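To start, the structure itself, in structure tokens.
Chains as they are written, first to last, in our numbering: chain A, 1 to 270; chain B, 1001 to 1247.
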């Protein structure tokens, strides 16, 4: 057991634990919202489109997460625009943004002279290399998300459940939808470093599926999702360290196994 | 008497294609209007225009001052087939969402009390903590009726509240609506002309346009003049239904 306590002497490990906590809160809440509203696929589109921004940042030499954030927000609005204004079917416009972002990312990375060593950590995440600056950004995002959901919880719930009723009642539905879309985009981007572009959908859906086994109440779903995400990220982190396997994959694997076991348990014992 | 809602010559539809043309309708206090017509005739389109969910291409919908604050005093029960039954929300929260219509509740306690009262009144307080996905059709409609009337609206709009419900509940529902009609005007869309004709006061037949019948009895001659392809129901000693002639 000594080795576990020794780990906490390393600042990279403490940062990883903080990152796991921040990722669990933001993904727990935002993921609960995404799953309830059935907009998982949109979130997938935004996530993958953000790779274009990472490529652009490598090419022009600025912070990759800034590039990802720009592309994520741009694609979130772009999907809405394609669907509502250009009248393209929603699933098709998601797929267009999804693949276009990935394609742009690959082109930019290819055009960038020299070797881009960090690329893998953006695609698959590496929680052990999260920087202090990134942690600060994650902390700020967590505060914003918690404040937004705490202040407007009922309105968010009513709009998510029955948008038409909320609009008829005079709630500013479009404004709420844009704000939540931007929060989704930022959640995706800031958690890329933890589990990576390709794996982040899992942090937004698996803890929620697990929580959904135990509750059908929106507020409880958000809280339980956060707790299951916390369990998955922290145990995944330790597993990845001791087995020396990639952290992102270890976290996802823990989440899936947890869901699978609890689902089976419910099937056999309830 | 000034109407609660005055619809003047509106043309409204989707994607620039009109569904309803040049519709006029005045809705007064204590009206109970049954809206009937064929599928695709524009019944729901009319409701959405009144609710402000669809903007008319032309014409105006005017609301009497007292129901047109920042939050309109219109209760709405949508078609339940549009509701996501897997959404993680409890019956209590669904009903509570009716409170966004207006801020008339002084604090959470008063709101909670009013919800409990409504659930009790509708006979569904035993399911208040259930998820909506676990409810039967009749229970769903009751829950959504509770939500629609929670804020004591001046106008209640119902879009096919009789779908997915059994006959017994249908009777209860219409009797409940007749009681509510003492306090609010009701606009009811239904595909079941047979049942509603004995409850509503007037009928609006919607089929591309709107034809208003100032009584709930419509004769075949009246309908023929309006090209209103529906079945005709009349009151009498023995309830009977007269179908339109085949041509």
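Ideal Cβ placement from N, Cα and C applies to all residues, glycine included. As the structure is a prediction and not an experimental result, all values here were calculated from the model.
At a cut-off of 8 Å between beta carbons, residue 1212/B makes no contact with chain A. Just so you know, the alpha carbons of residue 215/A and residue 184/A end up roughly 23 Å apart. In the DSSP assignment, residue 1210/B is bridged to 1206/B. Secondary structure note for residue 1058/B: it is in no alpha helix (DSSP H), and the uninterrupted beta strand (DSSP E) holding it is 1058 to 1063. DSSP places residue 1035/B in the strand class (E or B) of the three-state scheme.
Residues of chain B whose Cβ lies closer than 8 Å to the Cβ of residue 212/A are, in chain order, 1088. Annotation: residue 269/A to residue 262/A spans about 10 Å, alpha carbon to alpha carbon. With a threshold of 8 Å between beta carbons, residue 1107/B makes no contact with chain A. Counting along the chain, the unbroken alpha helix (DSSP H) around residue 47/A starts and ends at 40 to 60.
Judged by beta-carbon spacing, residue 1046/B lies within the 8 Å limit of residue 1035/B, meaning their Cβ atoms are closer than that value. In this structure, the alpha-carbon of residue 30/A lies about 20 Å from that of residue 127/A. Residue 1097/B reaches chain A at 154, 157, 158, 161, 162, 165, 166, 169, counting residues in chain order whose Cβ is nearer than 9 Å.
In terms of Cα proximity to residue 1175/B, the closest of 1099/B, 1032/B, 1205/B, 1011/B is 1032/B. Residue 1201/B: not part of any beta strand (DSSP E); DSSP gives it neither H nor E. Bridge pairing for residue 209/A: absent [DSSP]. Look at residue 106/A here: in three-state DSSP terms it is helix.
Residue environment analysis places residue 153/A among the exposed positions, since fewer than 16 neighbouring C-beta atoms fall within 10 angstroms of its C-beta. Closer than 7 Å at the C-beta level to chain A, one finds these residues of the region 1043 to 1066 of chain B: 1051, 1052, 1053.
Every alpha helix (DSSP H) of 4 residues or more that sits fully in the region 1134 to 1198 of chain B is shown, in chain order, as 1137 to 1149, 1167 to 1180, 1193 to 1196. Per DSSP, residue 1117/B lies in no beta strand (DSSP E); the unbroken alpha helix (DSSP H) holding it starts and ends at 1107 to 1121. An exposed status is given to residue 131/A, since fewer than 16 other beta-carbon atoms sit within 10 Å of its beta-carbon. Within the region 137 to 178 of chain A, not a single complete beta strand (DSSP E) segment reaches 3 residues in length. In this structure, residue 1118/B sits away from residue 1158/B, with a CB-CB distance that is not shorter than 8 Å. Using beta-carbon distances, residue 1133/B counts as an interface residue toward chain A, with a partner under 8 Å. Any Cβ of chain A closer than 8 Å to the Cβ of residue 1093/B would place that residue at the interface, and such an atom is present.
Beyond the five residues adjoining it in sequence on each side, residue 1212/B comes within less than 6 Å, by CB distance, of 1204 in the same chain, given in chain order.
Taking C-alpha positions only, residue 1098/B is separated from residue 1177/B by approximately 17 Å.
Here residue 1018/B carries a strand assignment [DSSP, helix/strand/coil].
One alpha carbon belongs to residue 1093/B, the other to residue 58/A, and they sit about 48 Å apart. In terms of beta-carbon proximity, residue 1007/B stays away from the interface with chain A, with every pair separated by 8 Å or more. DSSP lists no bridge partner for residue 267/A. Contact between residue 50/A and residue 182/A does not hold, since their C-beta atoms are separated by about 13 Å, which reaches or exceeds 8 Å.
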